[in-house]
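Read the structure below first, then the notes.
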Amino acid sequence: MRRAGLLALVLASLVSCTVSYPTVDQLGEPLIRPENARVLHPAPSGGSAVVYVEVVNRGGADDTLVGVLSDVAGHAELRDRSGRLGKVSIPPASTVTLTSDGRHIELYDLKQPLRTGDVIIVTLLFEKSGAIGAITAVQ
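Per the working numbering, the sequence shown starts with residue 553, numbered consecutively.
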């Protein structure tokens with residue numbers, strides 16, 4: 553009886569110490585997560601707003617941001633200082649920051665005013681990962 557109890561205790565200890573590693577397939581895929589998405593200034597209905605976001609790729613493969621959508625805007629674009637961008641590359645194991653001094657997202661023809669404290673969803677469209685929502689705070 554004692555042996556069975558001891559064996560059960562040892563097995564339970566071993567199970568609790570197991571570690572999960574990604575599979576070979578997972579290492580070769582992008583793992584995208586938008587972080588710290590924000591609109592820095594309130595904006596009126598009918599106006600435009602700029603969205604900044606950090607796009608984190610914790611995966612082992614690159615991905616490409618190819619578009620953006622938002623229910624609060626008539627249309628949205630990836631942009632930089634010189635104009636509209638068709639895409640933004642997201643390398644593996646990296647963070648690409650869309651900021652005011654470079655690449656960013658512009659929301660046009662706002663369907664509602666954006667006020668400080670509002671939270672909106674901006675959907676990022678990736679070539680491999682598909683559509684991923686970025687919870688975006690209006691500051």
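Just so you know, even glycine gets a beta-carbon here, dropped at the ideal spot from N, CA and C.
The beta carbon of serine 622 sits closer than 6 Å to the beta carbons of Ala628, Leu659 and Val674 from its chain, once the five residues preceding and following it are set aside; these are given in chain order. For arginine 631, the enclosing beta strand (DSSP E) begins and ends at 625–632.
Of Asp614, Gly611, Val602 and Val608, the smallest CA-CA separation from arginine 633 is found for Val602. In this structure valine 618 is in contact with leucine 677, their Cβ atoms being roughly 5 Å apart against a cut-off of 8 Å. For serine 646, the enclosing beta strand (DSSP E) covers residues 646–650. The C-beta distance from glycine 598 to aspartate 670 rounds to 16 Å, too long to meet the 8 Å contact threshold.
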